[in-house]
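J.:
Protein chains: 2
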Amino acid sequence: MPRPLKGATVDSRDRVFRAAATEFAARGYAGANVDRIARAARLNKAMIYYHFKNKGALYREILRDMFGAVRTAVLEVEAAEVSPQEKIRRYVEAIAAAAEARPHFPPIWLREIAEGGEHVDAATLAYVRDVLTALGRIIDEGRRAGVFVAIHPLMVQGGIIAPIMFFLATARLRKKMERAGAVPSAAIPRDAVVTHIQRLTLAQLEGRIA
Amino acid sequence: MPRPLKGATVDSRDRVFRAAATEFAARGYAGANVDRIARAARLNKAMIYYHFKNKGALYREILRDMFGAVRTAVLEVEAAEVSPQEKIRRYVEAIAAAAEARPHFPPIWLREIAEGGEHVDAATLAYVRDVLTALGRIIDEGRRAGVFVAIHPLMVQGGIIAPIMFFLATARLRKKMERAGAVPSAAIPRDAVVTHIQRLTLAQLEGRIA
DNA sequence: GTCTATAAATAGATAGAC
DNA sequence: GTCTATCTATTTATAGAC
Numbered sequence: 000m001p002r003p004l005k006g007a008t009v010d011s012r013d014r015v016f017r018a019a020a021t022e023f024a025a026r027g028y029a030g031a032n033v034d035r036i037a038r039a040a041r042l043n044k045a046m047i048y049y050h051f052k053n054k055g056a057l058y059r060e061i062l063r064d065m066f067g068a069v070r071t072a073v074l075e076v077e078a079a080e081v082s083p084q085e086k087i088r089r090y091v092e093a094i095a096a097a098a099e100a101r102p103h104f105p106p107i108w109l110r111e112i113a114e115g116g117e118h119v120d121a122a123t124l125a126y127v128r129d130v131l132t133a134l135g136r137i138i139d140e141g142r143r144a145g146v147f148v149a150i151h152p153l154m155v156q157g158g159i160i161a162p163i164m165f166f167l168a169t170a171r172l173r174k175k176m177e178r179a180g181a182v183p184s185a186a187i188p189r190d191a192v193v194t195h196i197q198r199l200t201l202a203q204l205e206g207r208i209a
Numbered sequence: 000m001p002r003p004l005k006g007a008t009v010d011s012r013d014r015v016f017r018a019a020a021t022e023f024a025a026r027g028y029a030g031a032n033v034d035r036i037a038r039a040a041r042l043n044k045a046m047i048y049y050h051f052k053n054k055g056a057l058y059r060e061i062l063r064d065m066f067g068a069v070r071t072a073v074l075e076v077e078a079a080e081v082s083p084q085e086k087i088r089r090y091v092e093a094i095a096a097a098a099e100a101r102p103h104f105p106p107i108w109l110r111e112i113a114e115g116g117e118h119v120d121a122a123t124l125a126y127v128r129d130v131l132t133a134l135g136r137i138i139d140e141g142r143r144a145g146v147f148v149a150i151h152p153l154m155v156q157g158g159i160i161a162p163i164m165f166f167l168a169t170a171r172l173r174k175k176m177e178r179a180g181a182v183p184s185a186a187i188p189r190d191a192v193v194t195h196i197q198r199l200t201l202a203q204l205e206g207r208i209a
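Protein chains in written order, with numbering that gives the first Met the number 0: chain A, 0 to 209; chain B, 0 to 209.
#1: Against chain B, does A:T21 count as a neighbour if the rule is that its beta carbon must be under 8 Å from one of theirs?
#2: Is the shortest distance between the beta-carbon of A:Y28 and the beta-carbons of chain B less than 8 Å?
#3: Report the three-state DSSP secondary structure of A:T200 (helix, strand or coil).
#4: Against chain B, with Cβ distances strictly below 8 Å, would A:A251 count as a contact?
#5: Cα-Cα, which of B:Y49, B:A20, B:E117 and B:G206 is closest to B:V146?
#6: For the alpha helix (DSSP H) that A:T123 lies in, which residues bound it at each end?
#7: Taking C-alpha atoms, which residue in B:R173, B:L201 and B:E177 lies nearest to B:M154?
#8: Use the C-beta contact count for A:V81: other C-beta atoms within 10 angstroms, 16 or more gives buried, fewer gives exposed.
#9: What is the DSSP secondary structure of B:A209, counted as helix, strand or coil?
#10: From B:I208 to A:T169, what does the alpha carbon distance come to, in whole angstroms?
#11: Hey, does B:F166 have any beta-carbon neighbour from chain A nearer than 8 Å?
#12: Within 8 Å (strictly less), CB to CB, does A:A98 reach chain B?
#13: For the putative contact between A:I107 and A:I163, defined by C-beta atoms under 8 Å, what is the C-beta separation to the nearest angstrom?
#14: Using a Cβ-Cβ distance cut-off of 8 Å, determine whether B:G206 contacts chain A.
#15: So which residues on chain A does B:L109 lean against when the C-beta distance must stay under 8 Å?
#16: Helix, strand or coil, according to DSSP, for A:R88 in the structure here?
#17: Against B:L153, what residues of chain A qualify as contacts under a CB-to-CB distance less than 8 Å, listed in chain order?
#18: Determine the contact status of A:V130 and A:R70, defining contact as a CB-CB distance below 8 Å.
#19: Can you name, in chain order, every residue of its own chain whose Cβ lies under 6 Å from the Cβ of B:R35, other than the five neighbours on each side?
#20: Using a Cβ-Cβ distance cut-off of 8 Å, determine whether B:P83 contacts chain A.
#21: Measuring alpha carbon to alpha carbon, tell me which residue in B:L134, B:L204 and B:G135 is nearest A:R198.
#22: Residues of chain B with CB closer than 9 Å to the CB of A:V73, please, in chain order.
#23: Are B:A18 and B:A39 touching if we call contact CB-CB under 8 Å?
#24: Counting only the same chain and skipping the five closest in sequence on each side, list residues whose C-beta sits under 8 Å from that of B:G180.
#25: What I want to know is whether the C-beta of A:D120 ends up closer than 7 Å to one or more non-hydrogen atoms of the ligand HEM.
#26: Measure from the alpha carbon of B:A125 to the alpha carbon of each residue in B:G141, B:G115 and B:L62, then state which is nearest.
#27: Hey, how far is the Cα of A:E75 from the Cα of B:Y49?
Written out as structure tokens, the structure reads:
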């Protein structure tokens with residue numbers, strides 16, 4: 000991908016990327032509209048095809064960015080010189096932080112799950128694998144230290160990432176429910192959720208839930 | 000809505016409904032294609048508009064069916080003459096069963112969360128409210144009996160429904176990961192997941208995770 | 001790098017015959 | 001209830017000027 004040399008419009012590619020992330024989050028892959036992306040990026044449609052091969056390539060680059068960020072954060076957590084329990088706490092926090100740094104992350108994640116990972120390319124798949132492998136090593140480390148029991152990493156991962164994405168993505172829906180009087184109070188602080196999931200995850204890994 | 004009197008094609012409305020559920024699950028609301036729905040239902044497009052006002056009305060009816068089924072099952076659980084703990088176990092099982100009875104349920108649920116409940120009408124919202132209210136009553140009952148601690152029903156609900164939908168919806172993606180060698184084994188039995196979530200939910204309600 | 005204009009295909013929705 | 005045909009708008013993508 001050629002990058003511009005002059006300073007005037009160096010960021011047009013980035014503007015497309017950001018606008019596309021918002022559009023894919025709001026309407027899904029098939030529902031996303033290239034014209035709307037161009038308008039939001041204050042560019043014309045042709046510029047999108049100048050920077051990206053097509054709609055699919057643009058979308059896949061967003062997926063790689065999302066899961067690449069999670070992978071980087073998780074590998075750093077695994078490498079830290081702390082107890083397995085502390086690694087799990089940081090693992091949960093790292094995933095929440097990566098998702099919060101990108102408002103489009105939770106919606107796109109939910110939609111991609113719904114599509115069975117149809118747009119997940121080899122690079123993204125490798126990132127996911129690395130994350131699961133790192134989690135598996137943290138669990139193994141805890142087992143060797145005698146503090147964790149054996150649980151399938153996917154089971155642990157599901158118990159972490161699904162509630163996190165749920166809470167981050169339902170912010171708008173919970174507001175709607177609260178306005179409609181469907182629930183007394185629907186506001187749950189971000190830290191309360193992360194702390195709760197940290198405790199829940201540790202409880203299951205330490206064999207305290209059976 | 001007029002229903003046909005002759006037996007020949009009594010089920011054309013139902014065929015549209017089923018085909019639409021599959022299409023919305025696979026491509027999302029905006030991405031769903033009325034022509035494809037018609038083809039899958041072995042009908043022409045005009046028949047869809049004969050039975051349903053438009054694409055949106057068709058989609059909303061599917062949402063009502065999904066959440067109505069959950070509501071019915073949950074209210075039945077709440078009314079049973081069993082302990083609060085057993086009600087929680089049945090609550091988890093009821094939600095899993097309602098989702099499994101409709102293959103389109105998990106994907107559409109995930110997508111609707113991602114869209115911030117944009118297509119959730121008053122009837123569906125009322126179903127969701129009833130479910131949360133019933134869960135709140137079960138929690139209160141447990142608190143009065145001295146077996147549960149105080150937790151926000153939404154926090155409990157998120158810990159139940161998010162992992163369930165995640166596991167049901169990721170079946171295809173986990174197969175893809177397994178084929179790609181991204182994870183040693185990605186097959187997790189349905190009952191193992193439900194049991195795990197039942198235990199996790201009870202552990203938090205019984206204050207055993209702090 | 002950025003634009004306008006447009007091609008070519010596909011979308012949701014309806015008219016009207018049977 | 002079911003169909004074919006079609007209207008109108010929208011969509012992805014590209015050509016070609018600057």
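Ideal Cβ positions, reconstructed from N, Cα and C, are used throughout, including at glycine. Keep in mind that this is a model prediction, so the values were computed, not measured.
T.: This is what the structure holds:
#1: Output row for A:T21: interface = no.
#2: Chain B contact via Cβ: present.
#3: Helix at A:T200.
#4: Because chain A spans 0 through 209 in this model, residue 251 of chain A falls outside it and cannot be assessed.
#5: Ranked by Cα distance from B:V146, the options B:Y49, B:A20, B:E117 and B:G206 are led by B:G206.
#6: Counting along the chain, the unbroken alpha helix (DSSP H) around A:T123 starts and ends at A121 to R143.
#7: Per the Cα distances, B:L201.
#8: Counting Cβ neighbours within 10 Å, A:V81 comes out exposed, since fewer than 16 surround it.
#9: Three-state DSSP puts B:A209 in coil, outside helix and strand.
#10: As the crow flies, the alpha-carbon of B:I208 is around 24 Å from that of A:T169.
#11: Interface flag for B:F166 against chain A is set, since a Cβ pair is found closer than 8 Å.
#12: Taking Cβ atoms only, chain B never reaches closer than 8 Å to A:A98, which makes this a no.
#13: Contact doesn't hold; Cβ gap of about 14 Å is too wide.
#14: No - not a single Cβ of chain A is within 8 Å of the one on B:G206.
#15: Residues of chain A with a Cβ closer than 8 Å to the Cβ of B:L109 are, in chain order, L109, R110, I112 and A113.
#16: In the three-state scheme derived from DSSP, where H, G and I count as helix and E and B as strand, A:R88 is classed as helix.
#17: Near B:L153 (Cβ distances below 8 Å), the residues of chain A are R173, V182, A185 and I187.
#18: Yes, they are a contact pair.
#19: Hits under 6 Å: E22.
#20: For B:P83, no CB of chain A lies under 8 Å from its own CB, so it is not counted at the interface with that chain.
#21: The residue with the shortest Cα to Cα distance from A:R198 is B:L204.
#22: Those within 9 Å of A:V73 in chain B number zero; the least Cβ separation is about 15 Å.
#23: Going by C-beta atoms, B:A18 is nearer than 8 Å to B:A39.
#24: In the same chain as B:G180, and ignoring 5 residues on each side of it, no C-beta atom comes closer than 8 Å to its own.
#25: The ligand HEM is not among the ligands present in this structure, which contains no ligands whatsoever.
#26: Nearest of B:G141, B:G115 and B:L62 to B:A125, Cα basis: B:L62.
#27: For A:E75 and B:Y49, the gap between their C-alpha atoms comes out near 58 Å.
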